[in-house]
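See below for the structure under consideration.
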Amino acid sequence: MVWGLWRGLMRRVGLAGGRNASSKPPQVMAEPHRTPFGLLKVVFTVVPGLLIGAGISKNIANFLEENELFVPDDDDDDDD
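Heads up, the sequence shown is in our numbering, so the first residue is 357 and it goes up one at a time.
This is the structure in structure tokens:
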């Protein structure tokens with residue numbers, strides 16, 4: 357059952373050999389659709405996301421330090 361479906365799919369795509377394979381020569385495809393200002397859209401999406409994420413993490417770090425849930429150690433390495 358599955359093998360028959362696989363063979364049918366391969367024939368339809370043109371990857372199966374023999375008499376059922378497509379005999380047409382390859383054609384040049386049309387140029388794909390280009391999104392105008394694509395890179396600018398990416399920049400306007402990524403930069404605010406980074407800024408918002410940095411602000412949230414800064415606020416959480418301040419909250420943890422104020423409530424003494426996490427206090428960074430002040431190790432002085434200069435006393436060696």
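In this text, a Cβ means the ideal position worked out from N, Cα and C, and glycines have one as well.
Quiz item: If you draw a straight line from the alpha carbon of Pro-381 to that of Arg-368, how long is it in whole angstroms?
Solution: Annotation: Pro-381 to Arg-368 spans about 16 Å, alpha carbon to alpha carbon.
Exercise. With Lys-472 as the anchor, note down where its alpha helix (DSSP H) starts and where it stops.
Key: This structure cannot speak to residue 472, because the chain is shown only from 357 to 436.
Quiz item: Just how far apart, CA to CA, sit Phe-320 and Thr-401?
Solution: Within the shown structure, residues of the chain are numbered from 357 to 436, placing residue 320 beyond reach of any answer.
Quiz item: What is the DSSP secondary structure of Leu-361, counted as helix, strand or coil?
Solution: helix
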